[in-house]
Every structure is written in C-alpha cells, then in structure tokens.
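Visitor:
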Amino acid sequence: MTLWIIGHLLAACIGVSLGLIGGGGSVLALPILVYVMGIPPKSAFAMTLVIVGTVSLLGVIPHWRAKNVDFKTALIFGSATMLGAFVGAKIATLPVVTAAFQMMLFAVMMLVAAVFMIRRSSKAVTADDKLAFYPPPVCKYCWLWLISEGLGVGVLTGLVGVGGGFAIVPALVLLGNVPMKQAIGTSLLIIVFNSVAGFLGYLGHVSLNWNLILSFIVAASLGTIFGAYLAEFVPANRLQKTFGYFLLAVAALVLMQNRQQPRSALLEQTLRERSSASLSPQIENHSNARLFTVKFL
4 MTLWIIGHLL
14 AACIGVSLGL
24 IGGGGSVLAL
34 PILVYVMGIP
44 PKSAFAMTLV
54 IVGTVSLLGV
64 IPHWRAKNVD
74 FKTALIFGSA
84 TMLGAFVGAK
94 IATLPVVTAA
104 FQMMLFAVMM
114 LVAAVFMIRR
124 SSKAVTADDK
134 LAFYPPPVCK
144 YCWLWLISEG
154 LGVGVLTGLV
164 GVGGGFAIVP
174 ALVLLGNVPM
184 KQAIGTSLLI
194 IVFNSVAGFL
204 GYLGHVSLNW
214 NLILSFIVAA
224 SLGTIFGAYL
234 AEFVPANRLQ
244 KTFGYFLLAV
254 AALVLMQNRQ
264 QPRSALLEQT
274 LRERSSASLS
284 PQIENHSNAR
294 LFTVKFL
C-alpha cells in the first residue's frame, strides 16, 4: 500500500511538471512504473503510452480553444510518426529486443532531453529565439525532412514509450514553418497519435494493469492543474534547469540498473552451465551402468 501511495504521488508530480514547464514530465512515467510499482518493463512501455497519450489529449484542449493547433500539419507529420511508432512497437515485441536494451535506449533519450533543458535554461532566451540551442535543420521548411524525422521520432516512441515532444516541437518550427505557440499545441496532438499507434503495436503482446493505468492518469491530470497554477509564481528557467538535473540523475540510475542486470544474467547463465557440466559425468556413468546391466542380463 505504501508503494502504491508513493507511486501515485510521483504520478501527480508528472502532471505538475507538465503544468509548470509544458513537457518533460511524461518521461518519468516509465521509471515510476518499473522501479516503484514493480511493473515488468515490456508492459510498462505499453502502459506509459496510454498514460502519456491521455494526459497529452487533455493538454490539447486549452490549445485547441486558443486556436493553437495546426491540424493539417498534425495529420501530415502525425501520419509519419504513427507509422514509425507502430513499427517501433512491433520491433520491441520481437524476442531479440530485450527489456534491458529498451531501458538503456530510454535512458539515453532522457540524457538528451536533460541536456537540452539545462542548456536552454542556462541563458536568457527571448521569445523569438526559443530554438537557439537546437541543431539547425538540413533544409529549412523541407517537408521531406519533416516526414523523415517524424518516422524516426515515431520509431523511438514505439520502442521506449515516450512522446518525443522535445524533438517534435523544433521539427515543426524549423522544418514545418509552424509558429512556436502552434507548434506546442500541435506537438501534443501528434503525441496522442503516436501513443495510439504505439499502443496498438504492443496490444496482444504484453499484459496490462488497467486499474493502475486509470489511477495514474487521474493523478497526473490533477497534478497538471496544480502545476499550471504554480506556473504563475515560479520562474520557468529555474524549473527547467532543476528538472533537467533531476532527469540526469534518473537516467544515471536507469543506466546503472541495466548495467548490473546483464552481468547478473551472465553470472546466472555461467552457473547453470557449470552445474550442467558437473552433472553430465554422473548422468553418463549412470547411463553406462544401465547399459552394462542390460547387456549382462
């Protein structure tokens, strides 16, 4: 019961982060499910997609009312990301793709997101220069590169269960010529598309705890409302920097956990092989004895 309460308090913190800084908090859903609630990683990836997709859908509503959602761009870019997310989820269900590999890839994505947050918050950036720390595009306003990046972001979404908003927003602005305010609202709608497609790729291959999914959605949604209220009083730059360092710590924890697991698995396999090797002479002697008895009779 204690872990259940702690997990849902952390789920509320996911919503608080989304309400305060407009993103980033969704990447915490996976480690909370795995390390606090004890959900197997493969199931946690699919459950994260449902949680992130639902919370993002709720976040779209105020942007839609403010007319800050570009539905045409969302359909074009979202079609590519949906295809990528479905393919990524199907790849994740293959036996060769281990849960440890997915967790390592997830940790790398967390590190990238954390570095972007820390760099953007370290300097004062004007409203017209919010993308100053993102890498320049290969060709500006190029729809081909927009769709290509959409496929890449979608595959990562399906593999590691996160929306990829930190990559979608700059793609929409730099490659799709979408204004920043519309890019934020549109990215939330695209994350919803990604989550649906990725979840369909996992459906039937993993077990799901629907009660936990629903309770996490409620906790995160309530946290989002509280976070939006706090955003009026807390400086955004300081929040992003603090949250960025927190992501670094969580990513380091995930990397350490998954470095130890392969070693433990290798040690266990070695012990099994040695045990089998020590038993094989006994089995062979026993078989020879039986054969000698049969011949003698």
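Just so we're aligned, residue 4 is where the sequence shown starts under the numbering used here, counting upward by one.
Glycine included, every Cβ here is placed at the ideal spot set by N, Cα and C.
1. Between Gly247 and Ile121, how many whole angstroms is the CB-CB distance? I'm expecting something under 8 Å.
2. Compare the Cα-Cα distances from Thr96 to each of Leu206, Leu251, Arg262, Ser218 and report the closest residue.
3. Would you mind giving the Cβ-Cβ distance between Thr189 and Ala77, rounded to the nearest angstrom? I have them listed as a contact below 8 Å.
4. Below 8 Å, can you find three or more Cβ-Cβ pairs linking the region 216-224 to the region 79-95?
5. Return the first residue and the last residue of the alpha helix (DSSP H) that Met85 is part of.
6. What are the start and end residues of the alpha helix (DSSP H) that includes Pro44?
7. So Tyr205 is in the alpha helix (DSSP H); what residue range does that whole segment cover?
8. Kindly indicate which residue of Ala49, Gly201, Ile79 has the alpha-carbon position closest to the one of Glu152.
9. When you compare only the Cα positions, how much space is there between Val195 and Val156?
10. Suppose you measure from the CA of Leu233 to the CA of Ile150; what does that come to, to the nearest Å?
11. Measuring straight from C-alpha to C-alpha, what distance separates Asn261 and Met4?
12. Would the beta-carbon of Ala186 fall within 9 Å of that of Gly179?
Guide: According to the structure shown:
1. Indeed they touch by this definition, with Cβ atoms about 4 Å apart.
2. Minimum Cα distance to Thr96 is reached at Leu206.
3. Going by Cβ atoms, the distance from Thr189 to Ala77 rounds to 5 Å, so yes, they are a contact pair.
4. No, because fewer than three Cβ pairs between the region 216-224 and the region 79-95 fall closer than 8 Å, the two stretches do not touch.
5. Run containing Met85: 74-95, per the alpha helix (DSSP H) assignment.
6. Start and end: 44-68.
7. Counted as a single uninterrupted DSSP element, the alpha helix (DSSP H) harbouring Tyr205 occupies residues 183-205.
8. For Glu152, the nearest C-alpha among the options comes from Ile79.
9. Separation of Val195 and Val156 (C-alpha to C-alpha, rounded to the nearest whole angstrom) is 13 Å.
10. Going by the C-alpha atoms only, they are around 36 Å apart.
11. Approximately 26 Å between the Cα atoms of the pair.
12. The answer is yes: Cβ separation under 9 Å.
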